[in-house]
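2 protein chains.
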Amino acid sequence: MKRIAIDMDEVMANTFKKHLELYNKDFGETLTPEQVVGRKLRDYHPHRHQEIQAYFDNPDFLRDLEVIEGSQEVIRELSESFEIFIATAAMEIPKSFTAKYEWLQEHFPFLNEMNYVFCGNKSIIHADYLIDDSTRHFKGFQGQGILFTAPHNIHETGYTRVDTWWDVRQLFLGGKSS
Amino acid sequence: MKRIAIDMDEVMANTFKKHLELYNKDFGETLTPEQVVGRKLRDYHPHRHQEIQAYFDNPDFLRDLEVIEGSQEVIRELSESFEIFIATAAMEIPKSFTAKYEWLQEHFPFLNEMNYVFCGNKSIIHADYLIDDSTRHFKGFQGQGILFTAPHNIHETGYTRVDTWWDVRQLFLGGKSS
Numbered sequence: 000m001k002r003i004a005i006d007m008d009e010v011m012a013n014t015f016k017k018h019l020e021l022y023n024k025d026f027g028e029t030l031t032p033e034q035v036v037g038r039k040l041r042d043y044h045p046h047r048h049q050e051i052q053a054y055f056d057n058p059d060f061l062r063d064l065e066v067i068e069g070s071q072e073v074i075r076e077l078s079e080s081f082e083i084f085i086a087t088a089a090m091e092i093p094k095s096f097t098a099k100y101e102w103l104q105e106h107f108p109f110l111n112e113m114n115y116v117f118c119g120n121k122s123i124i125h126a127d128y129l130i131d132d133s134t135r136h137f138k139g140f141q142g143q144g145i146l147f148t149a150p151h152n153i154h155e156t157g158y159t160r161v162d163t164w165w166d167v168r169q170l171f172l173g174g175k176s177s
Numbered sequence: 000m001k002r003i004a005i006d007m008d009e010v011m012a013n014t015f016k017k018h019l020e021l022y023n024k025d026f027g028e029t030l031t032p033e034q035v036v037g038r039k040l041r042d043y044h045p046h047r048h049q050e051i052q053a054y055f056d057n058p059d060f061l062r063d064l065e066v067i068e069g070s071q072e073v074i075r076e077l078s079e080s081f082e083i084f085i086a087t088a089a090m091e092i093p094k095s096f097t098a099k100y101e102w103l104q105e106h107f108p109f110l111n112e113m114n115y116v117f118c119g120n121k122s123i124i125h126a127d128y129l130i131d132d133s134t135r136h137f138k139g140f141q142g143q144g145i146l147f148t149a150p151h152n153i154h155e156t157g158y159t160r161v162d163t164w165w166d167v168r169q170l171f172l173g174g175k176s177s
């Protein structure tokens with residue numbers, strides 16, 4: 000059975016949406032998703048780099064993120080034909096561990112928690128595929144990287160790209176539907 | 000550069016010693032390490048299985064474990080010639096995340112935290128070697144498993160075994176000394 004490793008933030012969990020909403024509210028801004036396309040929020044307003052990153056240090060921020068559309072349905076389908084691991088870069092934000100664990104348990108109860116991986120450098124992941132929104136994680140990864148579209152990566156080229164979970168289903172399961 | 004993944008409990012951190020001391024104290028027992036050789040403490044007194052496992056749910060238990068002799072010195076030496084990752088089975092005890100992270104930061108400050116991996120099923124680890132006290136983690140691991148002697152595994156055969164960190168040094172660095 001082939002193995003697919005899946006990133007959490009911006010792939011399963013809609014980190015960006017909540018981040019932008021909170022930032023706009025807290026700083027009286029009116030940034031739209033379209034305005035920050037091609038870069039990270041922190042790169043758009045670099046003078047508030049620290050404040051923008053600080054949201055991630057709050058476990059409550061990560062605990063109630065929205066699930067990205069289609070991820071539950073398609074990951075459940077994939078899990079019938081592939082071995083699924085969740086590989087999330089948690090080491091940059093150690094305070095995120097419990098929130099990430101609980102979020103996965105709540106929204107993806109059909110996944111085995113023994114298949115969660117909280118790591119930093121994803122070259123340690125032994126899998127055939129890695130679905131991720133950050134191309135940096137494909138460097139050193141031995142399998143095939145699949146770039147999940149997020150506002151910040153929209154201009155990156157040279158990778159197999161999927162825009163939605165329906166694209167992921169098409170890629171791995173073809174015309175097969177549930 | 001070849002990569003070595005290293006387990007924490009019973010390899011870097013002396014979980015067993017503290018567990019046995021606390022258990023003896025709390026339950027008025029006088030078990031010696033020699034008496035529980037070849038099995039886990041929970042298998043020795045199965046009627047207290049739950050109480051014995053409950054120690055691991057206390058983050059304080061894991062936070063101040065003794066460092067296993069030689070691990071700091073030898074891992075530092077190995078890190079000059081090998082890529083070192085720490086691979087610990089944390090998913091069975093989600094409350095352990097922060098304690099494990101802080102313990103590593105305190106006792107192994109020379110390691111990059113991006114190379115910590117908190118996981119469950121270690122077949123996800125992409126490394127050339129895995130030093131571990133639990134043979135179950137060698138199943139599905141693609142590299143070479145190296146069994147680090149702990150009381151519970153003393154009777155297991157069929158694996159490359161190291162009794163101490165000096166044995167690890169000898170195995171990977173030969174006669175070379177710091």
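Protein chains in written order, with numbering that gives the first Met the number 0: chain A, 0 to 177; chain B, 0 to 177.
Ideal Cβ placement from N, Cα and C applies to all residues, glycine included.
Source: prediction; values computed, not measured.
Between the alpha carbons of residue i and residue j, how many angstroms are there, rounded?
i	j	result
A:Val35	B:Leu129	43 Å
B:Gln118	B:Glu33	Before going further, note that residue 118 of chain B is Cys rather than Gln in the sequence given. One C-alpha to the other measures close to 31 Å.
B:Arg159	A:His125	For the sequence presented, residue 159 of chain B should be read as Thr rather than Arg. If I take the Cα positions, the gap works out to 22 Å.
B:Phe60	A:Gln143	40 Å
B:Ile92	A:Ser122	25 Å
B:Glu65	B:His136	23 Å
A:Arg41	A:Lys16	14 Å
A:Val167	A:Thr14	19 Å
B:Pro58	B:Ile83	25 Å
A:Gly69	B:Gly173	53 Å
B:Glu101	B:Glu28	31 Å
A:Ala86	A:Met7	7 Å
B:Phe26	B:Arg47	10 Å
B:Gln49	B:Ala12	22 Å
A:Asn120	B:Tyr115	8 Å
B:Arg2	A:Asp162	34 Å
B:Gln169	B:Gln71	15 Å
A:Lys99	B:His151	32 Å
A:Tyr54	A:Gln141	32 Å
A:Leu103	B:Glu105	29 Å
B:Asp56	A:Ala149	37 Å
From this set, the options, which residue's C-alpha is nearest residue i's C-alpha?
i	options	result
A:Gly139	A:Thr148, A:Asp127, A:Lys24	A:Asp127
B:His44	B:Tyr100, B:Phe55, B:Leu30, B:Met0	B:Leu30
B:Thr156	B:Ile145, B:Ser70, B:Met11	B:Ile145
B:Glu217	B:Pro58, B:Trp102, B:Glu101, B:Phe107	The displayed coordinates of chain B run from 0 to 177. Any statement about residue 217 of chain B would go beyond what the structure contains.
A:Thr97	A:Ile67, A:Asn120, A:Gln71, A:Arg62	A:Arg62
A:Arg38	A:Trp165, A:Thr134, A:Val161, A:Trp164	A:Thr134
A:His154	A:Leu103, A:Trp164, A:Asp132	A:Asp132
B:Trp165	B:Glu105, B:Asn152, B:Ile67	B:Ile67
B:Met0	B:Ala53, B:Phe55, B:Leu103, B:Ser78	B:Ser78
Measure how close the beta-carbons of residue i and residue j come, nearest whole angstrom, since I'm counting them as under 8 Å.
i	j	result
B:Ile5	B:Ile74	7 Å
A:Ala89	A:Ser80	No, A:Ala89 and A:Ser80 are not in contact; Cβ-Cβ is about 27 Å, not under 8 Å.
B:Phe147	B:Val10	5 Å
Look up residue i in the DSSP assignment and give the residues it is bridged to.
i	result
A:Ile67	Partner(s): none; A:Ile67 has no beta bridge.
A:Asp131	A:Leu146
A:Ala86	A:Val116
A:Ile3	A:Ile83, A:Tyr128
A:Thr159	A:Ile145
A:Ala53	DSSP, once it has assigned bridges, lists no residue as partnering A:Ala53.
A:Asp25	According to DSSP, A:Asp25 bridges with nothing at all.
B:Ala98	DSSP, once it has assigned bridges, lists no residue as partnering B:Ala98.
A:Asp196	The question about residue 196 of chain A has no answer, for chain A in this structure spans 0 to 177.
B:Asp8	B:Ala12
Exercise for the section: Determine contact between the region 109-117 of chain B and the region 12-24 of chain B, defined as no fewer than three beta-carbon pairs at a distance below 8 Å. Expected result: no
Practice task
With 8 Å as the C-beta to C-beta threshold (strictly closer), list the residues of the region 121-144 of chain A near chain C in chain order.
Solution key: You won't find chain C in this structure, because its protein chains are A and B.
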